[in-house]
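Novice: Converting from the first sequence to this note's numbering requires adding 3 to each position, the first position being numbered 1.
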Amino acid sequence: MVDAALIDVRLPDGSTKQLPTGSSAADLAAAIGSRLAKAAVAAVVNQRETDLHSPLSSGDQVAIVTAESDAGRHVLRHSTAHVLAQAVLQLFPGAKFTVGPAIEDGFYYDFELPGGRTFTEEDLAAIGTRMGEIVAADQPFTRLEMSPQDALALFADQPYKCEIIQRVTSGTADADDAGEVAGGDTVSVYRNSDTFVDLCRGPHVPSTGRLPHFALMKVAGAHWRSNEKGPTLQRIYGTAWESKAALNEHLVRLEEAEKRDHRRLAVEMDLLSFPSELGGGLAVWHPKGAIVRKLMEDYSRERHQNGGYQFVYTPHLANSHLFETSGHLDFYKDGMYPPMEMDNGTYYPKPMNCPMHCLIYRDRQRSYRELPLRLFELGTVYRYERAGTLHGLLRIRGFTQDDSHIFCTQEQLADEIGSLLGFVLSVLRRFGFDDFTYKLSTRNPGKSIGTDDMWDKATSALRTALEKLGVQYSIGEGDAAFYGPKIDIDVRDAIGRKWQLSTIQADFQLPERFGLEYVGADNQRHRPIMLHRALFGSVERFFGVLLEHYGGSFPTWLAPVQVRILPVTSAHEGHATSLVERLVNEGFRVDTAVADEQLGKRIRAAKMERIPYVLVVGDDDVASDTVGVNPRGGEVQRDTPFASFLDRLRADVREASGR
RNA sequence: GCCCGAGUGGCUCAGUGGUAGAGCAACGCACUCGUAAUGCGUAGGUCGCGGGUUCGAUUCCCGCCUCGGGCUCCA
Numbered sequence: 004m005v006d007a008a009l010i011d012v013r014l015p016d017g018s019t020k021q022l023p024t025g026s027s028a029a030d031l032a033a034a035i036g037s038r039l040a041k042a043a044v045a046a047v048v049n050q051r052e053t054d055l056h057s058p059l060s061s062g063d064q065v066a067i068v069t070a071e072s073d074a075g076r077h078v079l080r081h082s083t084a085h086v087l088a089q090a091v092l093q094l095f096p097g098a099k100f101t102v103g104p105a106i107e108d109g110f111y112y113d114f115e116l117p118g119g120r121t122f123t124e125e126d127l128a129a130i131g132t133r134m135g136e137i138v139a140a141d142q143p144f145t146r147l148e149m150s151p152q153d154a155l156a157l158f159a160d161q162p163y164k165c166e167i168i169q170r171v172t173s174g175t176a177d178a179d180d181a182g183e184v185a186g187g188d189t190v191s192v193y194r195n196s197d198t199f200v201d202l203c204r205g206p207h208v209p210s211t212g213r214l215p216h217f218a219l220m221k222v223a224g225a226h227w228r229s230n231e232k233g234p235t236l237q238r239i240y241g242t243a244w245e246s247k248a249a250l251n252e253h254l255v256r257l258e259e260a261e262k263r264d265h266r267r268l269a270v271e272m273d274l275l276s277f278p279s280e281l282g283g284g285l286a287v288w289h290p291k292g293a294i295v296r297k298l299m300e301d302y303s304r305e306r307h308q309n310g311g312y313q314f315v316y317t318p319h320l321a322n323s324h325l326f327e328t329s330g331h332l333d334f335y336k337d338g339m340y341p342p343m344e345m346d347n348g349t350y351y352p353k354p355m356n357c358p359m360h361c362l363i364y365r366d367r368q369r370s371y372r373e374l375p376l377r378l379f380e381l382g383t384v385y386r387y388e389r390a391g392t393l394h395g396l397l398r399i400r401g402f403t404q405d406d407s408h409i410f411c412t413q414e415q416l417a418d419e420i421g422s423l424l425g426f427v428l429s430v431l432r433r434f435g436f437d438d439f440t441y442k443l444s445t446r447n448p449g450k451s452i453g454t455d456d457m458w459d460k461a462t463s464a465l466r467t468a469l470e471k472l473g474v475q476y477s478i479g480e481g482d483a484a485f486y487g488p489k490i491d492i493d494v495r496d497a498i499g500r501k502w503q504l505s506t507i508q509a510d511f512q513l514p515e516r517f518g519l520e521y522v523g524a525d526n527q528r529h530r531p532i533m534l535h536r537a538l539f540g541s542v543e544r545f546f547g548v549l550l551e552h553y554g555g556s557f558p559t560w561l562a563p564v565q566v567r568i569l570p571v572t573s574a575h576e577g578h579a580t581s582l583v584e585r586l587v588n589e590g591f592r593v594d595t596a597v598a599d600e601q602l603g604k605r606i607r608a609a610k611m612e613r614i615p616y617v618l619v620v621g622d623d624d625v626a627s628d629t630v631g632v633n634p635r636g637g638e639v640q641r642d643t644p645f646a647s648f649l650d651r652l653r654a655d656v657r658e659a660s661g662r
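Structure below.
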């Protein structure tokens, strides 16, 4: 006998809870506990996200979404975007609002202001203040569902909202629209007040009073529906969190990231520069940056040498025929530097090294016994990146790839990719990265060449390698290069940011286009498969990422200056110089600073330069061949025998470099 | 490429319709010092570039360049 006044709902832990008929998810949360009720922002009922106050039915599977979960923050941010929109519409009569989704760490909302007005910093402050008032007013988020016709009438003076409604009704909605509506023949809207209502699928927090921990971050231009030719809108970025502490933590993280900005550190540490006389996106390396880069490259060469690679060199320019053969001129002409007309031909700076490596392969007949043939080059390429996209070392026009092309047989493919993955990870680990994520990118039919069969084989070889490695990976549908599928490896840095670095790409197309062959054991001609792969990706970009990862404090094996020796007074300068010599003879990078400034000041200068070891030598040290060791981030140790310090230094370098 | 913002000594920044200032860095002198800033002094800028308005522009206007934040793009 079922009590009609009660319903049973199922909870995530498998238990059931009995509630009065007509109870909402909010009532359920309250019935479970007051802490949960306080943290609840939305609910998942039968796998569908919904508002906290939507009524439950018997048999529903219900999970409460709390503010400190990823899903909960997403709801907070999306709701805060509505508060932002309300504030802007109030403060800027005639403003049109478009879309305002939650994004990683925050949200944005795009507007069109009357007369092409733009937001200023002062506007941002005023908008923030008005948002605070809306939060204080604790307006409810009330969901309403209506027909598209009624919705069009409701948003009659909001052309962007009408466009979204029309697109959804006509069945041409895309991912941009999906967050905005309920789907089907019903349009859902959320009303906050008599004057503010926004098109939205939801869910939302119960009321604006739940949203006090927000901050507006910046204003930017953006295009309607991401279309470069569409209207330019004014975008406001903001962030919102479940607590004051979480918001502050986020702001501190941003500050930390700013301190680590590689462009700032590169100037501060005198590593490299971008002279405007050179042109945008082109860097020159100063001695201190160059030494670090050389060490990185040396390490790379050593690993490749031991990994069965053969080194090659190729020129920076090539006749246009080469890039016609490779297909680059068909697919990436816009991204290539413009051509030079010379003698009887047209020449282009190379955007990639692979065509030239194909020519090396094709120079003579190859036997299956030579495969896999692994060619390696630190090859400098030039790509015409659009002016607005350049960004320090991370997006640059002239850069050097640690580029390898591996020619192998179909049968060798899966194994080769497998061992490549291991090789890539082991090299990255030496640079302090140990948190990786993997993405398998698949074919984009409109932007690729080759047969389905080729693509299927290559894709499954990559997938097999990932599965053998036993790692989680995501699929980038349609993200592949035009010539084949790929695996991209992202690393997470010291402060948790993700960077895309390494890539392994299968290529059935270039061997075809260049007519590459090998003679098999069967004495027949076969077509090899080619793998493109880069570990650093671009040496410049990798250097920039490393600089941010280490915050400028390079590990000892990479530090431009590893040891600075400071004589306490001029009387100890001779001794300091002899220690420099002893360490230089051991292959270390060491210098000294004469005693014409006070010791404290010289120590401070060395610390600011992030030198791993500062050695102080005075009377006692001269007498007994000891040093005072002041290590970066450690405790000062007086009277350390020089020989012990030398051991420590050697161990430090060996450990950090993995050699 | 598009939208917004910014360009003042090597760096960080102040300032004004009447041809510019601070701190740090550099250099010089004195101090010779035991673990994150000794004192005094000197030098250094055609105020991003070009044009216009003005008796006079670093300042106001226009164009360009470079940089920054986004959009788009990223083989």
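Glycine included, each C-beta is placed from N, C-alpha and C at the ideal position.
With burial defined as no fewer than 16 other Cβ atoms inside 10 Å of the residue's Cβ, what is the status of L147: buried or exposed?
Specialist: L147 comes out exposed.
Novice: Please list, in chain order, all residues of the same chain as P354 whose beta carbon is under 7 Å from its beta carbon, the five residues on each side excluded.
Specialist: Once the five neighbours on either side are set aside, the close Cβ partners of P354 are H331, Y335, G338, M339, V384, Y385 and R386.
Novice: Can you look up L9 in the DSSP assignment and give me helix, strand or coil?
Specialist: It is a strand residue.
Novice: Taking Cβ positions, are G487 and Q508 nearer each other than 8 Å?
Specialist: Taking 8 Å as the Cβ cut-off, G487 and Q508 qualify as a contacting pair.
Novice: Using a Cβ-Cβ cutoff of less than 7 Å, which residues in the same chain neighbour T121 once the five nearest sequence positions on both sides are dropped?
Specialist: For T121, where only same-chain residues beyond five positions count, the Cβ hits under 7 Å are Q237.
Novice: Considering only DSSP beta bridges, list what S229 is partnered with.
Specialist: Answer is none; S229 lacks a bridge partner.
Novice: Rank L274, S18, V12 and L374 by C-alpha distance to the C-alpha of D30 and give the top, closest one.
Specialist: The residue with the shortest Cα to Cα distance from D30 is V12.
Novice: With distance defined between alpha-carbon atoms, name the residue in E551, V171, G284 and P143 nearest to L155.
Specialist: The residue with the shortest Cα to Cα distance from L155 is V171.
Novice: Can you name, in chain order, every residue of its own chain whose Cβ lies under 8 Å from the Cβ of T506, other than the five neighbours on each side?
Specialist: Excluding residues within five positions, the ones whose Cβ falls inside 8 Å are K489, I490, D491, I492, H535, R536, A537 and G540.
Novice: Going by DSSP, what residue range makes up the beta strand (DSSP E) through N633?
Specialist: T629 to P634 is the span of the beta strand (DSSP E), which, as asked, contains N633.
Novice: Relative to the alpha-carbon of F1, which residue among D201, S196, D197 and P143 has its alpha-carbon at the smallest distance?
Specialist: This structure does not reach residue 1, given that the chain is present from 4 up to 662, and the question cannot be answered.
Novice: Am I right that P558 and G435 are in contact with their C-beta atoms under 8 Å? What's the rounded C-beta distance?
Specialist: Their Cβ separation, rounded to whole angstroms, is 7 Å, which keeps P558 and G435 in contact under 8 Å.
Novice: Can you say whether D455 is buried or exposed, counting buried as having 16 or more other CB atoms within 10 angstroms of its CB?
Specialist: D455 comes out exposed.
Novice: How is R536 classed by DSSP in three states: helix, strand or coil?
Specialist: Here R536 sits in strand by DSSP.
Novice: My assumption, with CB atoms under 8 Å, is that S469 sits in contact with L431. Please give the rounded CB distance.
Specialist: Sequence inspection shows Leu at residue 469; the Ser mentioned does not correspond to that position. The Cβ separation is near 16 Å, so there is no contact.
Novice: Quick one: is L59 buried, meaning 16 or more other Cβ sit within 10 Å of its Cβ, or exposed?
Specialist: Counting Cβ neighbours within 10 Å, L59 comes out buried, since at least 16 surround it.
Novice: Excluding sequence positions up to five away, which residues of its chain have a Cβ less than 6 Å from the Cβ of Y163?
Specialist: K99 and T101.
Novice: Are Y312 and S407 touching if we call contact CB-CB under 8 Å?
Specialist: Closer than 8 Å, so yes.
Novice: With distances taken between CB atoms, is the gap from A390 to N447 smaller than 8 Å?
Specialist: Their beta carbons are not under 8 Å apart, which means A390 does not touch N447 by this criterion.
Novice: Quick one: Cα of R51 to Cα of E373, how far?
Specialist: Looking at the two C-alpha atoms, the distance is approximately 57 Å.
Novice: Report all residues from its chain with a CB closer than 7 Å to the CB of A129; omit the five preceding and five following residues, and keep chain order.
Specialist: Around A129: L94.
Novice: Let's see if you can read the secondary structure: which residues bound the alpha helix (DSSP H) around P358?
Specialist: C357 to R365 is the extent of the alpha helix (DSSP H) around P358.
Novice: Using 8 Å as the threshold, is the segment 572–591 in touch with the segment 633–644, meaning 3 or more CB pairs across them?
Specialist: Counting Cβ pairs under 8 Å, fewer than three are found: no touch.
Novice: For D3 and R306, I'd like the C-alpha separation in whole angstroms.
Specialist: Any property of residue 3 remains undetermined from this structure, which presents the chain solely from 4 to 662.
Novice: Any idea if L423 is buried or exposed, counting beta-carbon neighbours within 10 angstroms, 16 or more meaning buried?
Specialist: It counts as buried.
Novice: Roughly how many angstroms lie between the CA atoms of E600 and H319, to the nearest whole one?
Specialist: Going by the C-alpha atoms only, they are around 48 Å apart.
Novice: Can you give me the C-alpha to C-alpha distance between Q475 and S463, rounded to a whole angstrom?
Specialist: So the alpha carbons of these two residues sit roughly 15 Å apart.
Novice: Which word fits I498, buried or exposed, when buried means at least 16 other C-beta atoms lie within 10 angstroms of its C-beta?
Specialist: The residue is exposed, with fewer than 16 neighbouring Cβ atoms inside 10 Å.
Novice: Let me confirm a value: A562 is counted as buried when at least 16 other C-beta atoms fall within 10 Å, else exposed. Which label applies?
Specialist: By the neighbour-count rule (16 or more Cβ atoms within 10 Å), A562 is buried.
Novice: Among all the DSSP beta bridges, which residues are the ones paired with D68?
Specialist: In the sequence as presented, Asp is not what sits at residue 68; that position holds Val. A45, per the DSSP bridge assignment.
Novice: Roughly how far, in whole angstroms, is the beta-carbon of A28 from the beta-carbon of A46, given that I think they are within contact range, below 8 Å?
Specialist: With a Cβ gap of about 3 Å, A28 and A46 count as contacting.
Novice: What separation, rounded to the nearest whole angstrom, lies between the Cα atoms of P514 and F410?
Specialist: So the two alpha carbons sit approximately 9 Å from each other.
Novice: What's the gap between the Cα of C216 and the Cα of S191?
Specialist: Position check: residue 216 holds His in this sequence, whereas Cys was assumed. Whole-angstrom Cα-Cα distance: 27 Å.
Novice: Using 8 Å for Cβ pairs, my map puts F326 next to Y351. What's the rounded Cβ distance?
Specialist: The Cβ separation is near 6 Å, so the contact holds.
Novice: Just how far apart, CA to CA, sit A225 and A90?
Specialist: Spanning the two alpha carbons is a distance of roughly 20 Å.
Novice: Between S323 and R516, is the Cβ-Cβ spacing less than 8 Å?
Specialist: Result no, Cβ atoms of S323 and R516 do not sit closer than 8 Å.
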